[in-house]
Amino acid sequence: MATKRVRLPEPPPSEGSGSTPLTIEFPTEQPFLPTREHSRFVEFAEACSRYRYIGVCHGRPGVGKTRSAREFASFPNLQSYGVLGSLAPSLVAEISKCQAIFYTVTVSNTPKTIDAVLGTNLTKMGYARLTISAGSSENANYEAARRACPLVIIDEADRLTIKSLEHLRDLSDQNGFGLVLMGMPGLEKRLAR
Ligand SMILES: Nc1ncnc2c1ncn2[C@@H]1O[C@H](COP(=O)(O)OP(=O)(O)OP(=O)(O)O)[C@@H](O)[C@H]1O
Ligand SMILES: [Mg+2]
């Protein structure tokens, strides 16, 4: 993996400290390569989005599932956006090209932890999309906002407990979004069971 060297300013000299500067190496990501597998993923994710299917995408570790899904989703960081708050022009541009909400399952997961992150992002993204499409947030409401996102991509779906999986399926039913579950080979068999 490529790395970028960042040299920190030298601290003021103090008694007993050595003169070696501290260097921290931050990893940098390789530019995205539009592979054949990525095109297949896009086709699959678009179908799940259009017909609101629940789809399973599995592949060996390191094959590029996460990178491909992130590239397709273009899901922006919504931390700075408060529901019904103003939208910065840069965020409007990012939300307009976002195709799916991307969520990585945490190692320890429950319906509550899923609601805290995915549920919040679903609500925020919905309000933002309604606001952008109508030109104002005047008529936006919670129910409409929760139904305004066509697709959610779940990464590391192997980690989902049975309860969390049921919860996701319920969220998808209630809010009408398509769902892509991504994980290792064997995930499809586990889900079938
Ligand atoms: N199309 C691509 N263009 C550039 N880099 C890529 C591409 N696909 C994958 N990579 C790189 O390969 C590495 C592994 O990819 P990624 O994390 O997406 O794999 P994964 O299938 O999600 O693995 P895991 O099953 O372990 O989660 C990453 O460093 C990623 O940036
Ligand atoms: Mg991955």
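Using my numbering, you'd call the opening residue of the sequence shown number 3 and step up by one each time.
All residues carry an ideal CB built from backbone N, CA and C; glycine is no exception.
What first and last residue would you give for the beta strand (DSSP E) that runs through Pro113?
No beta strand (DSSP E) contains Pro113, which is instead part of the alpha helix (DSSP H) from 113 to 116.
Are the segment 101 to 114 and the segment 154 to 173 in contact at 8 Å, needing three or more beta carbon pairs?
yes
Pull up the DSSP beta-bridge partners for Gly57, would you.
Val182
Just to confirm, are Arg148 and Asn123 a CB contact at a threshold of 8 Å?
no
Should Thr68 be listed as close to ligand 1, given that the test is whether its C-beta is under 7 Å from any heavy atom?
yes
Below 6 Å CB to CB, which residues in the same chain sit around Asp157 once its five sequence neighbours on both sides are set aside?
Thr68, Thr106, Met184
Per-residue DSSP class, three states only, for Asn27
Reading off the sequence, residue 27 comes out as Glu, not Asn. Strand, per DSSP.
Is Asp160 near ligand 2, going by C-beta to nearest heavy atom under 7 Å?
no
At a threshold of 7 Å, does Asp175 count as lining ligand 2 (C-beta to nearest heavy atom)?
no
On the criterion of 16 or more Cβ atoms from any shown chain inside 10 Å, does Gly128 qualify as buried, or is it exposed?
buried
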